[in-house]
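What follows is a set of notes on a single structure, which appears directly below.
Residue numbers (full-length UniProt numbering): 1 to 138.
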């Protein structure tokens, strides 16, 4: 993810580049077709809520800038540390939660956590991008 983000900063951003990752990731929801991965609705809400809270760090570190009439995602030095911090936090949570619920439920909940985090982050990025795009001369 870090290398993808650093490479993306070299090319102009677009609506398509912002909204595609959550759609691509959403195909993972097919895991819920199998009973092993199904979770209760309260667990769904918890996982998505925690993902949205985690996304705050990503939202704060994602800024756009205009360069030569194009909008670019400005690389943040904190982004790498935030990603590693979130990864460590997710691993610790997975170890704690995994000891009390099944592997399938844990997998389902962490998929939902990641989806909630990415979806919230990308919606915030899209709003910021569209706001900035309106300021550009046509």
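Positions of the beta carbon are idealized from the N, C-alpha and C atoms, including for glycine.
Predicted model only: the values in this text are computed from it and were never measured.
Bridge-paired residues (DSSP) for residue i
i          : result
residue 17 : None; residue 17 has no bridge partner.
residue 73 : 64
Proximity of residue i and residue j at Cβ, strictly below 7 Å
i           : j           : result
residue 55  : residue 117 : yes
residue 59  : residue 121 : yes
residue 74  : residue 68  : no
residue 112 : residue 48  : yes
residue 13  : residue 71  : yes
residue 57  : residue 91  : no
Pairwise C-alpha distance: residue j and residue i
i           : j           : result
residue 101 : residue 38  : 12 Å
residue 130 : residue 93  : 35 Å
residue 22  : residue 119 : 6 Å
residue 104 : residue 32  : 9 Å
residue 78  : residue 86  : 12 Å
residue 137 : residue 10  : 22 Å
residue 42  : residue 50  : 12 Å
residue 128 : residue 35  : 39 Å
residue 126 : residue 17  : 10 Å
residue 114 : residue 76  : 21 Å
7 Å CB neighbourhood of residue i in its chain, flanking five on each side removed
i           : result
residue 108 : 31, 32, 37, 38, 39
residue 28  : 111
residue 44  : 112
residue 95  : none
residue 98  : 106
Close beta carbons around residue i, own chain, < 8 Å, minus the five adjacent residues each side
i           : result
residue 124 : 55, 59, 62
Contacts around residue i, its chain only, beta-carbon distance under 6 Å, and the 5 residues preceding and following it disregarded
i           : result
residue 52  : 116, 120
residue 134 : none
Below-7 Å beta-carbon distance, residue i vs any chain D residue
i          : result
residue 48 : No chain D appears in this structure, which consists of one protein chain only.
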